[in-house]
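J.: One structure coming up, written as structure tokens, with questions to follow.
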Amino acid sequence: MNAGPASTRRVALALDALRHGWPIRVAGQVLLPAETAFAPGATAPRMLISAARAVTLKLANQREAAVPEAPVLIRAAEPFDLDTARAVADPALDLAYPMKGPFAAEPIEDADAARTAMELARLAGILPAFLVVPPHADEVQDVSGADLAAWKDTAHLAIASRARLPVAAAENAEIVAFRALDDLREHVALVIGTQDGDRPPLVRLHSECLTGDILGSLKCDCGPQLNAALRAMAAEASGESGQGGWGILLYLRQEGRGIGLVNKLRAYALQDVGYDTVDANNRLGLPTEARDFPVAARMLDLLGVPAIRLMTNNPAKVAALQGVGVEVVERVPHQLPPNPHNARYLETKRDRTGHIL
Numbered sequence: 001m002n003a004g005p006a007s008t009r010r011v012a013l014a015l016d017a018l019r020h021g022w023p024i025r026v027a028g029q030v031l032l033p034a035e036t037a038f039a040p041g042a043t044a045p046r047m048l049i050s051a052a053r054a055v056t057l058k059l060a061n062q063r064e065a066a067v068p069e070a071p072v073l074i075r076a077a078e079p080f081d082l083d084t085a086r087a088v089a090d091p092a093l094d095l096a097y098p099m100k101g102p103f104a105a106e107p108i109e110d111a112d113a114a115r116t117a118m119e120l121a122r123l124a125g126i127l128p129a130f131l132v133v134p135p136h137a138d139e140v141q142d143v144s145g146a147d148l149a150a151w152k153d154t155a156h157l158a159i160a161s162r163a164r165l166p167v168a169a170a171e172n173a174e175i176v177a178f179r180a181l182d183d184l185r186e187h188v189a190l191v192i193g194t195q196d197g198d199r200p201p202l203v204r205l206h207s208e209c210l211t212g213d214i215l216g217s218l219k220c221d222c223g224p225q226l227n228a229a230l231r232a233m234a235a236e237a238s239g240e241s242g243q244g245g246w247g248i249l250l251y252l253r254q255e256g257r258g259i260g261l262v263n264k265l266r267a268y269a270l271q272d273v274g275y276d277t278v279d280a281n282n283r284l285g286l287p288t289e290a291r292d293f294p295v296a297a298r299m300l301d302l303l304g305v306p307a308i309r310l311m312t313n314n315p316a317k318v319a320a321l322q323g324v325g326v327e328v329v330e331r332v333p334h335q336l337p338p339n340p341h342n343a344r345y346l347e348t349k350r351d352r353t354g355h356i357l
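Quick note, the sequence shown lines up with residues 1 to 357 if you use full-length UniProt numbering.
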């Protein structure tokens, strides 16, 4: 399959298919999404799941994986139907269906194709689990790893529109919207103050958080961090900081650090029964960190910003941006006090993901 508009279109159609529960075909393998599929009577001898779920299911021949979202192919004594497949895929059903298996892990013939399928599931916001069904003549959406690479190419991202947008923190602000072909997510940048090519702006990368940004959730620190970042940028733009300057908030449409809203809420439910943030994501078979930093780099490039002062407590975020070509001249701490609901969340950030808190 050739890369280009046809490739990105195939990915868009595959994501739509997965959300609707329709099968996709990757490298000749027909895969039916375990969570969303509506296919009465469908069965399959094998399932594709994540390494983290394989560990949870205590496969005798599956060692704990360093990459929790890595694909694992499993077989059971009896074919999987959709009810069984969903019980295997969804940790929320572990107590309702405690007796699973026995299962055995099998070699994966095309590991790249399997990883493509798992990433497509994450991008679609569904659980990363598939029935591996026999080839059939029904309509199936073909997609490949090359298609996914073309879809993710940030060269497709462009400025779609921009307008003056006075906000509560700063009246002198402009909003810039970015759009890519065949990607429904529209990222935005809020530029506060007057752009100055001689001074690196104060920049905050903020991943979309419906629960924290809009609903005021106390389980995370997203809402307070967003508001505090805007106030800090406004202080620089107005000269209150004593230095002068300007700022950019990059608002990335990557809910739940890239796992999607529904899966983030599933992780919340697991946290309520004792798992920390990292273990909750992994138990779902999802990565702890799935944000797309090349998108942020492309947005900065389109804004004509070669160097930044980054507001973050996470050295890994600095390294990730530097790894995609952004010059980070300063890490600016952005720490806020905890509350009784997010104290463990912040401790997990400090102890397991290296945040400086």
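Quick reminder that beta carbons are idealized off the backbone N, C-alpha and C, glycines included.
Keep in mind that this is a model prediction, so the values were computed, not measured.
1. Can you tell me the Cα-Cα spacing of Pro166 and Leu210, whole angstroms?
2. Please report the distance separating the alpha-carbon of Ala121 from that of Glu69.
3. List the residues that DSSP assigns as beta-bridge partners of Gly247.
4. Can you name the start and end residues of the beta strand (DSSP E) that Ala180 belongs to?
5. Looking at the strands, I want to know which residues DSSP matches up with Met47.
6. Tell me, please, which residues DSSP counts as bridged to Pro33.
7. Pick out whichever of Val132, Pro71 and Asp182 has its Cα sitting closest to the Cα of Arg25.
8. Just verifying my parser: in three-state terms, what is the DSSP assignment at Leu252?
9. Give the secondary structure of Ile214 by DSSP, where H, G and I count as helix, E and B as strand, and everything else as coil.
10. Apart from the five residues just before and just after Asp182, which ones in its own chain have a Cβ nearer than 7 Å to its Cβ?
11. For Val143, tell me which candidate among Pro5, Asn314, Glu330 and Thr288 has the shortest Cα-Cα distance.
12. Grab me the residues of Thr56's own chain with a C-beta within less than 8 Å of its C-beta, minus the 5 sequence neighbours each way, in chain order.
13. With DSSP run on the structure shown, which of helix, strand or coil describes Glu236?
14. Excluding five sequence neighbours on each side, which residues of the same chain lie with their C-beta closer than 7 Å to the C-beta of Pro87?
15. Considering only residues of the same chain and omitting the five flanking positions on each side of Ala163, which have a CB-CB separation below 8 Å?
16. Out of curiosity, what's the CA-to-CA distance linking Glu186 and Val295?
17. Taking the beta carbon of Ser161 as the centre, do at least 16 other beta carbons fall within 10 Å, making it buried, or is it exposed?
18. Buried or exposed: where does Val72 fall if 16 or more other Cβ atoms within 10 Å of its Cβ makes it buried?
19. Write down every uninterrupted run of the alpha helix (DSSP H) in the region 290-322 whose length is 4 residues or greater and which is fully enclosed by it, in chain order.
20. Only counting the same chain, and skipping five residues up and downstream in sequence, which positions put a Cβ closer than 8 Å to that of Val30?
21. On a CA-only basis, which of Arg309, Glu236, Glu255 and Gln225 is nearest Gly336? Give me that one, please.
22. Closest to Asn227 by C-alpha separation, out of Ala237, Ala168 and Gln271, would be which residue?
23. Restricting to Cα atoms, I'd like to know which of Asp301, Arg266, Ala267 and Ile126 is closest to Ala14.
24. On the DSSP letters alone, give me the boundaries of the alpha helix (DSSP H) that Ser7 sits inside.
25. Starting from Glu327 and walking both ways along the beta strand (DSSP E), at which residues does that stretch end?
26. Quick one: using the 10 Å Cβ neighbour count with 16 as the cut-off for buried, is Ala280 buried or exposed?
27. Could you say which of Pro102, Lys219, Ser207 and Val326 lies nearest to Gly304 if we only look at CA atoms?
28. Determine the burial state of Gly145: buried for a count of at least 16 other Cβ atoms within 10 Å of its Cβ, exposed for fewer.
29. So is Ala17 buried or exposed if we call it buried at 16+ other beta carbons inside 10 Å?
30. Could you pull out every residue in the same chain whose Cβ sits closer than 7 Å to the Cβ of residue 358, ignoring the five residues on either side in sequence?
31. In terms of residue numbering, what span does the beta strand (DSSP E) encompassing Gln141 cover?
32. Here's the rule: buried if 16 or more other CB atoms are within 10 angstroms of the residue's CB, otherwise exposed. What is His206?
T.: Considering the structure as presented:
1. Going by the C-alpha atoms only, they are around 22 Å apart.
2. One alpha carbon belongs to Ala121, the other to Glu69, and they sit about 11 Å apart.
3. Per DSSP, the beta bridge partners of Gly247 are Ile192 and Leu202.
4. Start and end: Ala173 to Ala180.
5. Its beta-bridge partners are Ile74 and Leu131.
6. Answer is Phe130, bridged to Pro33.
7. If you compare the alpha carbons of Val132, Pro71 and Asp182 with that of Arg25, the shortest gap goes to Val132.
8. It is a strand residue.
9. Under the three-state reduction of DSSP, Ile214 is assigned to helix.
10. Result list for Asp182: Thr8, Arg9, Val11, Ala12 and Trp151, in chain order.
11. Considering only alpha carbons, the answer is Pro5.
12. Pro91, Asp94 and Arg283.
13. Of the three classes helix, strand and coil, the one that applies to Glu236 here is helix, per DSSP.
14. Before going further, note that residue 87 is Ala rather than Pro in the sequence given. Correct list, in chain order: Leu93, Tyr97 and Lys100.
15. Glu174 and Ile175.
16. Roughly 11 Å between the two C-alpha positions.
17. Exposed: under 16 other Cβ atoms inside 10 Å.
18. Label assigned to Val72: buried.
19. Complete alpha helix (DSSP H) runs here, min 4: 293-302.
20. Cβ contact annotation for Val30 (same chain, cutoff 8 Å, sequence separation greater than five): Pro23, Ile24, Val132, Val133, Pro134, Pro135, His136 and Val140, in chain order.
21. This sequence places Leu at residue 336; Gly is not what is there. Looking from the CA of Leu336, the closest CA among Arg309, Glu236, Glu255 and Gln225 belongs to Gln225.
22. The candidate whose alpha carbon is nearest that of Asn227 is Ala168.
23. Ranked by how close their Cα comes to the Cα of Ala14, the residues Asp301, Arg266, Ala267 and Ile126 have Ile126 in first place.
24. Taken as a continuous stretch (DSSP letters only), the alpha helix (DSSP H) holding Ser7 covers Pro5 to His20.
25. Taken as a continuous stretch (DSSP letters only), the beta strand (DSSP E) holding Glu327 covers Glu327 to Val332.
26. It is buried - the Cβ of Ala280 has at least 16 other Cβ atoms within 10 Å.
27. Per the Cα distances, Val326.
28. It counts as buried.
29. Under a 10 Å Cβ-count criterion, Ala17 is classified as buried, with 16 or more other Cβ atoms of the shown protein chains found around its own Cβ.
30. The requested residue 358 is not part of the displayed model; the chain covers only 1 to 357.
31. Per DSSP, the continuous beta strand (DSSP E) segment holding Gln141 begins and ends at Gln141 to Val143.
32. Burial call: buried.
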